[in-house]
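Below: the structure, in structure tokens.
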Amino acid sequence: MADLSLIRNFSIVAHIDHGKSTLADRILEHTGAVTKRDMRAQFLDDMELEREMGITIKANRATVPYEFEGKTYMLNLLDTPGHVDFHYEVSRAIAACEGVLVLVDATQGVQAQTVANAYLALEADLEIVLVINKIDLPSARPEDIALEVEQVLGLDASEAVFTSAKTGQGIDDLLTAVIKKIPPPKGDPTAPLRALIYDAKPDVHRGVISHARVVDGSFKRGDQIELIAVERKYLITEVGKFKPKPTAVESLGAGEVGYFVAGIKTLADVNIGDTITHCIRPTDAALPGYEPPQQMVFCDFYPGVGTSTDQLRLAMEKIWLTDSSFTYNTASSDALGIGFRCGFLGLLHMKIIQERLERENDVSVVQTAPTVTYEIKHKSGEVTRIESPADLPDPATIEEIREPIVSVQMIIPAEFVGTVMQLSMDRRGKHSKTEYLSPDRVIITYKIPLCEIIYDFYDKLKSCTRGYGTADYELVGYDAGDMVKMDVLVNGVAVDALSVIVHRNNAAFRGRKLIMRLKKEIDRHMFEIPLQAAIGSKVIARETIRAFRKDVTAKCYGGDISRKRKLLEKQKEGKKRMKVVGSVAIPQEAFMSILSPDD
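Note that the working numbering has the sequence shown beginning at 1451, numbered continuously upward.
This is the structure we're talking about:
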């Protein structure tokens, strides 16, 4: 059984691209957990998509040994994502730790996600080690940045550790600070077993591999355990740690982090945040687990060519097991058949899930345009929420439609204050406050409707601040707005998957833009196709896709005009008949055209 005083559990949190994964690489290399021959950049990012995109999507873990003052310490490291969409992944990692390394880029300083993640750690009452990274760069200002962090976050700048994750400079000082500042885990090795499942991964041969943090007691191979939430019992067949590759061990004790295999075949039996305990000597109190994530963006996934609904459902189950922060429920569409209504933490999260579905499970997916949740106050006084424009009830029964409002915190160079304020006001934003971090950097806070920022706000912010602006947001409530449902009619038939809820003032502009883009995406057919945008029975925009035409009079050389007219009339009748019975093929690009940032 490991000595609790020699264990340190910590995670690395930071804004995106501040060097978390590179720092994890240097720690693995410095402690000898990975040899130089086996080392590769972003070693813990084992997902193909992570390596391709250069970002961390899943929190990754490793147990490494470190010699200090004649004692061998066990360091359990969790590398977390930096993007705002994976905030829930960070919160789960923090719940399994006693301390965090708050990493700040020595050239860029405090950014939006630095603030958000640091506050998350402070709320969890964790010990914080401030790390100023990238000190090897010519433009680095480590002392200035440390003072900026002290001003913004209230952390003691004098205790900051200066490192370069690229060159390995300062790694010894960092590991020493981890041992001295981060407390050992609290737990009773003799108490009944209580362990928190913080992640899980399906395995074709062994079933579900569950990742756990042991709080009290211990368990080993051959023990019979119970998953409290689902009230199921299993026999443990393997216990191990990530060193950083999965390595079998005798047992896991209080304060330790590792994995177990128990022949769990049913994906639904593993709940992230569930507590495991022994069957013979069970615990009286389960661990609190996690707050359920709040989905911000919703869209429909339908099976594409060569994929059945059952195949898509199975793929959804597998992805959900490793990422429980998205939800899915069965949905149906007249245009696309039976599929799934999915909820995500943000637009990047949605794109990642779609990519993972297609890559990891070999399924084809047709995706509709994303929407946000709206609150509907009925004239009867009842308040309901809808996640799709298709669910909007009869307008005659609605008193008001409330849209979600988020508080957007932007950290920008002072010279771009006017431009960013204009961008925020164009998105119907209301100014909350402006704070100066220094003469050159400002935090501006605006309250903006979520539907105005989920598509391209971040890109526009980067563009108008020359790449220096960063943003973080959180939901603050719902406000009544003059919102209307805009239907899109293709060949006179409303396509529910193309419907959107928009602000009335923007409806005509959005309608014209959308119809013009659809005209480019939908191929010409043998008959004329009218495209219309409508609010209720009022058409606000129209375009027409012209039919293919064959010159049926090509072989008429001279002669009476009535011969040509007869052939043209015959063609016209055929086109009219075809329009009645013909169906319009709408490609995937048409559904995604609603996402165009030109709006």
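Cβ coordinates follow ideal geometry from the N, Cα and C atoms, glycine included.
Only a predicted model underlies this, so the values are computations on that prediction, with no experimental measurement involved.
- Here I1632 really is in contact with V1579; their C-beta atoms are around 7 Å apart, less than 8 Å.
- Of all alpha-carbon atoms in D1734, A1483, V1870 and D1760, the one lying nearest the alpha-carbon of N1811 is that of D1760.
- When C-alpha distances from K1935 are compared across E1853, I1730 and T1513, the shortest belongs to E1853.
- Taking C1901 as the centre and dropping the five residues before and after it, the same chain places the C-beta of V1822 and E1853 closer than 7 Å to its C-beta, in chain order.
- In this structure, DSSP gives Y1740 a state outside helix and strand, which the three-state scheme calls coil.
- With contacts defined as CB atoms closer than 8 Å, V1654 and T1613 fail to qualify as a contacting pair.
- Distance from P1639 to A1704 at the Cβ level is roughly 5 Å; contact confirmed, criterion being Cβ atoms closer than 8 Å.
- By the neighbour-count criterion, in which 16 or more other beta carbons inside 10 Å mark a residue as buried, V1680 falls on the exposed side.
- The three-state secondary structure of K2014, taken from DSSP, is helix.
- Excluding its 5 nearest sequence neighbours in each direction, R1974 has C-beta neighbours in its own chain below 8 Å: I1995, R1996, A1997 and F1998, listed in chain order.
- Assigned with DSSP and collapsed to three states, T1613 falls in coil, not helix or strand.
- The residue among E1850, Y1752, R1835 and D1844 with its C-alpha nearest the C-alpha of Q1804 is Y1752.
- Take T1626, set aside five residues on each side of it, and the residues of its chain with a beta-carbon closer than 7 Å to its own are F1518, in chain order.
- In the DSSP assignment, N1459 falls within the beta strand (DSSP E) that extends over I1457 to A1464.
- In the structure shown, P1839 adopts helical secondary structure according to DSSP, grouped into three states.
- In the DSSP assignment, Q1563 falls within the alpha helix (DSSP H) that extends over A1562 to E1573.
- With a cutoff of 8 Å on beta-carbon distance, I1965 and L1948 are scored as not near each other.
- Looking at the backbone, the Cα of R1806 and that of G1919 are separated by about 29 Å.
- Distance from the CA atom of V1658 to the CA atom of G1713, rounded to whole angstroms, is 7 Å.
- Straight-line spacing of the CA atoms in T1895 and V1858 works out to 6 Å.
- Contact between the segment 1768–1781 and the segment 1670–1686 is not established, with fewer than three Cβ pairs separated by less than 8 Å.
- Contact between F1790 and N1779 holds, since their C-beta atoms are separated by about 7 Å, short of 8 Å.
- If you draw a straight line from the Cα of V1816 to the Cα of T1725, it comes to about 37 Å.
- Secondary structure note for Y1538: its alpha helix (DSSP H) is the uninterrupted segment H1537 to I1544.
- Counting of Cβ neighbours within 10 angstroms places P1743 among the buried residues, the total reaching 16 or more.
- Just so you know, the alpha carbons of K1695 and E1598 end up roughly 38 Å apart.
- Around the C-beta of C1729, fewer than 16 other C-beta atoms lie within 10 Å, and the residue is accordingly described as exposed.
- CA-to-CA, the gap between G1986 and S1888 works out to about 52 Å.
- The beta carbon of R1682 lies closer than 6 Å to those of D1719 in the same chain, with the five residues before and after it left out.
- Less than 8 Å divides the Cβ of L1456 from the Cβ of Y1523.
- In this structure, DSSP gives Q1859 an extended state, which the three-state scheme calls strand.
- The three-state secondary structure of L1702, taken from DSSP, is strand.
- Where R1809 is concerned, the enclosing alpha helix (DSSP H) starts and stops at L1797 to N1811.
- For S1471, the enclosing alpha helix (DSSP H) has its first and last residue at K1470 to H1480.
- A residue is called buried when at least 16 other Cβ atoms come within 10 angstroms of its Cβ; L1762 meets this threshold and is buried.
- Shortest Cα-Cα distance from I1477 to any of T1617, D1844 and V1989 involves T1617.
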